[in-house]
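Below: one structure, written as structure tokens.
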Amino acid sequence: KPGGPSVLIPLPTFNVPMMLWSPPAKDLPIVDLPYERLVSCLDVPTIVTVVLGFLALERKVIVMSTRPSLVLDVCELLRSLLFPFDLCAPYVPRLTEPFMQTLDF
Numbered sequence: 001k002p003g004g005p006s007v008l009i010p011l012p013t014f015n016v017p018m019m020l021w022s023p024p025a026k027d028l029p030i031v032d033l034p035y036e037r038l039v040s041c042l043d044v045p046t047i048v049t050v051v052l053g054f055l056a057l058e059r060k061v062i063v064m065s066t067r068p069s070l071v072l073d074v075c076e077l078l079r080s081l082l083f084p085f086d087l088c089a090p091y092v093p094r095l096t097e098p099f100m101q102t103l104d105f
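Going by the numbering used here, the letters in the sequence shown line up with residues 1 to 105, in that order.
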């Protein structure tokens, strides 16, 4: 039993159930930010689309705001939702003005 509570999911097609466990608490990503910040500026369907439709597929995502601290928090919280996976593409949570021209939209 890897971590904590487990869930048994019946898979009739395979005749074998799938068992999912939560990882041990020590293995969870440590994010010292409230997820309320993320949900307060993005709705849940948008969060799911960004995480599963873009980040998980290693596509480009640009987060923009007039408040730089909010951008950094949102980027870190979105990245944490990939757990247990991690980004292997370049991750630049804050791009300075001189490098804005390098973006390829």
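Note that beta-carbon positions come from the ideal geometry of N, C-alpha and C, so glycine has one too.
How would you write the range of the alpha helix (DSSP H) that residue i sits in, first residue to last?
i   : result
L38 : 35 to 41
I47 : 44 to 48
Take residue i as the anchor and find which of the options has the nearest alpha-carbon.
i   : options           : result
V51 : L78, D32, K60     : L78
F83 : A56, L72, T66     : A56
E36 : L87, T96, E76     : E76
T96 : L20, M64, V7, D86 : M64
For a quick check, are the C-beta atoms of residue i and residue j less than 8 Å apart?
i    : j   : result
V92  : C41 : no
I47  : L38 : yes
R94  : L70 : no
M19  : S6  : yes
L103 : I62 : yes
Can you look up residue i in the DSSP assignment and give me helix, strand or coil?
i    : result
M64  : coil
P98  : helix
L72  : helix
L103 : coil
L20  : strand
T13  : coil
F85  : coil
Name the two residues that bound the continuous beta strand (DSSP E) containing residue i.
i  : result
L8 : 6 to 9
Using the rule of at least 16 other Cβ atoms within 10 Å of the residue's Cβ for burial, across every protein chain shown, is residue i buried or exposed?
i  : result
K1 : Note that K1 scores a pLDDT of 48, beneath 50, so its modelled location is shaky; the value from the coordinates is reported in the next line. Result: exposed.
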